[in-house]
Amino acid sequence: MRDVNSAFWLRLQADDLDIAELIDLETPSGGAFHWTTANQPITYTLSGVPTTYIPFPGGTGSGIEESIDLGVSVMDFTMANTGPILQGQLLSADFALAALKIGQIFTDTPDLDRMEIYTGKIGDFQFDRLELSGQARNLWKSLNVQWPYYTYQDKCAWRFGSAGCGFNTSSITLAINTINVGSSTTLNILLNSGTLTQSFANNRFDLGRATFTSGTNSGAVRTIRVQTGDLLSLSYILPNGDLTGLQLSIYPGCKKRLIDDCKSLYNNDTNFFGSPWIPKFEQAF
């Protein structure tokens, strides 16, 4: 795991060592972040592509802690919740499945080689507007990692519209070009009369997604908590109170039920990933 070339080991014998860590974090949807613990950007050739690593906007509270027992060694981290790309990954829950790699390089000769020192997955984390903090769990010491990875449950484990789900949400996405600005707030968006009520029943868009495409909130993504008539109640408020010129696209949600949702609404029961026929605890005993 810590295999490097002979030139790297020879360089380690020198007295003037200036070593920095390179941090790679990749999410299942293809999001990639590259940071370094150096105080200036470093360019390193990653998989044949010159990649710029920017200074890590945070730190590790106690560094990487190795363990000699049978547990999984963890690393605590705290970083600034900054940039629309990172915030988008947090909102889509992709960050929870992100893979983490940390390697060491010489800052004066970054392409000499890279010594991998940590490979893990993101564990528990929490965030607010300013800060993201949590733990990474080392895959090299993974004896108490949950197996199987998925918990057996009656509802589907896939995120609606994900690769595992296989349903193309663009086929049911509606573009909303105007809203009732005077009766809308940053938490409750009132569409023009008849926008939804002409074709959809109440609650059809519960747990769906709203993507704001125009106006001062352009780029924001929110879960639709409840849909009543032409009113969309969002999961949490929009960042900007000026709703003039607001446009959005929306699609219905899925409550992850085999018959009621996956089969009846989306004809997608072949991709259902749940165990609805396992007896409930109170039924089994």
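Taken in order, the sequence shown gives residues 184 to 468; the numbers are from our numbering. All C-beta atoms in this analysis are idealised placements derived from N, C-alpha and C, irrespective of residue type, glycine included.
CA-to-CA distance, residue j to residue i, given in whole angstroms
i    : j    : result
Q410 : C339 : 22 Å
E248 : L390 : Caution applies to E248, whose pLDDT of 48 falls short of 50 and renders its modelled position unreliable; the model cannot decide the point.
I343 : I237 : One detail in the question is off: residue 343 reads as Phe in this sequence, not Ile. Using only the alpha carbons, I get a separation of about 33 Å.
A403 : G266 : 13 Å
C437 : Q287 : 44 Å
Q272 : L379 : 29 Å
E204 : F308 : 22 Å
D294 : R320 : 27 Å
C445 : S354 : 15 Å
V257 : V232 : 30 Å
Proximity below 8 Å, CB of residue i to CB of residue j
i    : j    : result
L373 : I359 : no
I433 : I407 : yes
I268 : G214 : yes
S416 : D337 : no
G418 : R405 : The sequence given here has Ser at residue 418, not Gly. For S418 and R405, yes; Cβs fall inside 8 Å.
L370 : A281 : no
L283 : I300 : no
T292 : L322 : no
Beta-bridge pairing of residue i - partner residues as DSSP gives them
i    : result
Q410 : L415
D207 : H217 and K284
K304 : A282 and R320
D259 : Q318
Nearest residue (CA-CA) to residue i, options the options
i    : options                   : result
N454 : A346, A263, T226 and I305 : A346
L200 : G214, F289 and R312       : F289
F260 : E209, L415, R194 and F310 : F310
D413 : Q430, N321 and A384       : A384
T356 : Y419, K446 and L431       : L431
P462 : Y335, S212 and L429       : Y335
M298 : D425, R312, A319 and L229 : L229
W460 : N451, R440 and N450       : R440
P422 : R392, D296 and N400       : N400
A279 : S212, I300 and G241       : S212
Residue-chain proximity (residue i, chain B), Cβ-Cβ < 8 Å
i    : result
L208 : In summary, chain B is missing from the structure at hand, where a single protein chain is found.
Proximal residues to residue i (C-beta, below 6 Å), its chain only, five neighbours per side dropped
i    : result
T352 : G344 and Y434
L448 : none
Same chain, Cβ closer than 8 Å to residue i, five either side skipped, listed in chain order
i    : result
N264 : Q270, L273, F310, D311, R312, L313, E314 and L315
N222 : P238
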